[in-house]
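Here the sequence shown is numbered in full-length UniProt numbering, starting from 1 and rising by one per residue.
Even glycine gets a Cβ: it sits at the ideal position worked out from N, Cα and C.
None of these values were measured; they are calculated from a predicted model.
First comes the structure, then the notes that go with it.
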Amino acid sequence: MRMVVLIYWRSKMTVATLELAPYFMMYTNLMTYPLKFRQHVLAIKEKLTYAKTASRFGVGMASLMRWNRRITPCTTHNKPATKIDMEALAQDVATYPDDYQYERAQRFGVSAQGIRHALKRLRVSRKKNTSASQS
């Protein structure tokens, strides 16, 4: 016979088995749910609908569907930080201050959106007109 405890977790009353109770206490401030909790929820989900399981455990239905596809949480990004050499971009801005971003993108072999993000990381804003225009 399994012992069941009621836990007030993430603003909702949750039913859990006694062996899962320590996991709730460890992960109260983190956004990622522990793997053992995910497995337990998906085991219960086999008997209930997504909506009932989500309300019972206080998680979103989208989370349940995501866990159903892939139960292990993602821990790292699988892409490099940037393809653009930031020093070369800063030198390019100094050399060609009036160029458009799509022109810089062609020189660096990346997208204009990538140049925009890189310029934002360098804290380079677009050039503003310092004198007022005449009407």
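Proximal residues to residue i (C-beta, below 8 Å), its chain only, five neighbours per side dropped
i: lysine 127; result: Pro97 and Asp98
i: methionine 61; result: Tyr50, Ala51 and Ala54
i: glutamine 101; result: Ala112, Ile115, Arg116 and Leu119
i: threonine 32; result: Pro73
Alpha carbon of residue i to alpha carbon of residue j, nearest angstrom
i: arginine 38; j: threonine 76; result: 19 Å
i: cysteine 74; j: methionine 65; result: 15 Å
i: alanine 118; j: arginine 69; result: 34 Å
i: leucine 89; j: serine 111; result: 14 Å
i: leucine 122; j: serine 131; result: 25 Å
i: glutamate 46; j: phenylalanine 57; result: 14 Å
i: alanine 94; j: histidine 40; result: 57 Å
i: tyrosine 27; j: asparagine 129; result: Note that tyrosine 27 scores a pLDDT of 48, beneath 50, so its modelled location is shaky and nothing firm can be said.
i: glycine 109; j: glutamine 91; result: 16 Å
i: methionine 86; j: serine 63; result: 37 Å
Exposed unless 16 or more other CB atoms sit within 10 angstroms - verdict on residue i
i: leucine 35; result: exposed
i: arginine 104; result: buried
i: leucine 30; result: Because leucine 30 sits at a pLDDT of 49, beneath the cut-off of 50, its placement in the model cannot be relied upon, and the following sentence gives the value as read from the coordinates. Answer is exposed; the Cβ neighbour count stays below 16.
i: isoleucine 115; result: buried
i: isoleucine 84; result: buried
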